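Asker: One point on numbering: in full-length UniProt numbering, the residue at position 216 of the sequence shown is 216, and numbering is uninterrupted. Beta carbons are placed, not taken as given, at the ideal position from N, Cα and C, and that holds for glycine. Note that the structure is predicted; figures quoted are calculated from it, not measured.
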Amino acid sequence: MKKIKHWWIGAGVALATAGASQIAAAQSNVSLYGVVDVYVAAQKALGKERAWNVSPGGMATSFWGIGGREDLGNGYAAVFALEAFFQPNNGGTGRFAGDTFFGRNAYVGLSTPAGAFLIGRNTTPYYVSALRFNPFSTSFAFSPVLNHMYKGVSGQGLAGDNGWNNSLLYTTPGGSDWQASLIYGTGNKAGAQGQNQWGGNAIYAHGPFSATVAYQQVRYDKTPGDLTTQIAGFNLQSAVMAAVGYDFSVVKITALYQYLHDGIDSGDLNTHSGQIGASVPIGNGALLASWMYAKSHGRGDPIRSTWSVGYDYRLSKRTDLYAAYMQDRATGYSSGNTAGVGMRMAF
Numbered sequence: 001m002k003k004i005k006h007w008w009i010g011a012g013v014a015l016a017t018a019g020a021s022q023i024a025a026a027q028s029n030v031s032l033y034g035v036v037d038v039y040v041a042a043q044k045a046l047g048k049e050r051a052w053n054v055s056p057g058g059m060a061t062s063f064w065g066i067g068g069r070e071d072l073g074n075g076y077a078a079v080f081a082l083e084a085f086f087q088p089n090n091g092g093t094g095r096f097a098g099d100t101f102f103g104r105n106a107y108v109g110l111s112t113p114a115g116a117f118l119i120g121r122n123t124t125p126y127y128v129s130a131l132r133f134n135p136f137s138t139s140f141a142f143s144p145v146l147n148h149m150y151k152g153v154s155g156q157g158l159a160g161d162n163g164w165n166n167s168l169l170y171t172t173p174g175g176s177d178w179q180a181s182l183i184y185g186t187g188n189k190a191g192a193q194g195q196n197q198w199g200g201n202a203i204y205a206h207g208p209f210s211a212t213v214a215y216q217q218v219r220y221d222k223t224p225g226d227l228t229t230q231i232a233g234f235n236l237q238s239a240v241m242a243a244v245g246y247d248f249s250v251v252k253i254t255a256l257y258q259y260l261h262d263g264i265d266s267g268d269l270n271t272h273s274g275q276i277g278a279s280v281p282i283g284n285g286a287l288l289a290s291w292m293y294a295k296s297h298g299r300g301d302p303i304r305s306t307w308s309v310g311y312d313y314r315l316s317k318r319t320d321l322y323a324a325y326m327q328d329r330a331t332g333y334s335s336g337n338t339a340g341v342g343m344r345m346a347f
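#1: Starting from Leu-256, trace the alpha helix (DSSP H) both ways and give me its first and last residue.
#2: Mind the definition here: the stretch 111-120 touches the stretch 229-249 only if three or more C-beta pairs lie below 8 Å; say whether that holds.
#3: Nearest-angstrom Cα distance between Gly-300 and Asp-161?
#4: Contact between the stretch 123-134 and the stretch 202-217: three or more CB pairs below 8 Å?
#5: For Thr-338, count neighbouring Cβ atoms within 10 angstroms of its own Cβ and tell me buried if that reaches 16, exposed if not.
#6: According to DSSP, what are the bridge partners of Thr-123?
#7: Does the beta-carbon of residue 356 have 16 or more other beta-carbons within 10 angstroms, so that it is buried, or is it exposed?
#8: By the three-class DSSP mapping on this structure, what secondary structure does Lys-3 have?
#9: Count the other CB atoms, across all protein chains shown, that sit within 10 Å of the CB of Phe-133; report buried if there are 16 or more and exposed otherwise.
#10: With respect to the beta strand (DSSP E) encompassing Leu-82, which residues constitute its N-terminal and C-terminal limits?
#11: Within 10 angstroms of its Cβ, does Ala-106 collect 16 or more other Cβ (buried), or is it exposed?
#12: Rounding to the nearest angstrom, what Cα-Cα distance links Asp-71 and Ser-28 in this structure?
#13: Beta-carbon separation of Phe-85 and Arg-104 under 7 Å?
#14: In or out: Phe-142 buried (at least 16 other Cβ within 10 Å) or exposed?
#15: Spatial neighbours of Leu-32 within its chain, please: CB distance less than 8 Å, with the 5 preceding and 5 following residues excluded, ordered by chain position.
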């Protein structure tokens with residue numbers, strides 16, 4: 001397959017862990033980097049009215065970051081990253097009102113021959129695995145995978161963010177077919193949400209074949225509004241994901257399965273979901289397609305089905321134009337859909 005095709009998924013994963021990329025640098029340095037992404041769309045969210053919007057983050061959430069490393073010798077280096085989301089459509093900070101300033105990553109750590117050890121606010125391994133097997137990569141506007149996982153309805157989504165505060169992250173050394181990470185987050189006070197919050201992943205990639213497994217467990221308070229929950233009585237969520245991909249040169253196919261278990265005082269909720277996706281290189285870009293279906297057992301047995309198609313056209317190594325459409329249906333809501341065009345530039 002042409003190298004251009006790998007840019008669409010590879011760039012998304014690299015940008016999701018852009019600060020960590022400083023670890024692999026060969027000399028001491030400090031770098032400024034990021035992404036600016038804006039799109040125009042006719043959008044009708046689930047259960048809402050249609051509106052025309054100029055919005056940030058069609059294919060990637062806009063952010064800027066400062067990352068650096070200091071070579072300590074013998075394969076050791078001190079590293080750091082501070083990364084902040086912003087909204088280029090209006091100049092606002094964060095992804096939403098009240099978002100943490102350095103909400104993407106904010107850590108310091110050590111890179112060693114045995115792997116990297118980071119402490120602070122870190123991107124979760126679960127999220128990284130999802131990106132690797134998602135044709136729409138980091139797109140929260142058009143990706144069925146990320147909408148189901150992080151914009152769940154009827155209690156079907158993941159609890160919490162794709163970055164964890166007060167966390168310790170370990171990642172194995174690169175350079176092999178296998179990569180694994182472990183993360184642990186503390187609540188920083190007795191009884192706080194986030195206590196015993198932990199997870200990890202393993203990713204295998206060799207030739208055209210790739211696969212991943214990921215798991216995370218989140219504990220949280222029982223008051224509605226904590227993390228992303230809207231139902232009283234939540235106390236624990238366990239999430240497991242498995243995915244595979246195969247690059248046939250003319251098309252790359254991915255398949256993903258996720259199981260969520262929510263412990264709720266009034267009755268547990270269990271959700272099974274699956275995604276199948278494809279990326280087809282056409283011209284100087286790629287045709288993207290993805291469909292995800294979720295069915296829950298408990299609390300009325302809600303169902304959600306979402307599909308998307310799009311075309312991402314690469315102008316250069318750092319800049320692309322895109323057009324995409326997403327259709328969304330869920331139990332208890334009028335259907336939603338989004339059609340938009342946008343531009344993304346990395347720096």
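Answerer: Quick look at the numbers:
#1: Where Leu-256 is concerned, there is no enclosing alpha helix (DSSP H), although the beta strand (DSSP E) it sits in stretches over 252-264.
#2: no
#3: 25 Å
#4: yes
#5: buried
#6: Gly-163
#7: Absent from the structure is residue 356, since the part of the chain shown begins at 1 and ends at 347.
#8: Note that Lys-3 scores 44 on pLDDT, short of 50, meaning its location in the model is unreliable; the coordinates nonetheless yield the value given after this. Lys-3: helix per DSSP, three-state reduction.
#9: buried
#10: Its beta strand (DSSP E) spans residues 76-87.
#11: buried
#12: 5 Å
#13: In this structure, Arg-104 lies closer than 7 Å to Phe-85 by Cβ.
#14: buried
#15: Trp-64, Gly-65, Ile-66, Phe-347
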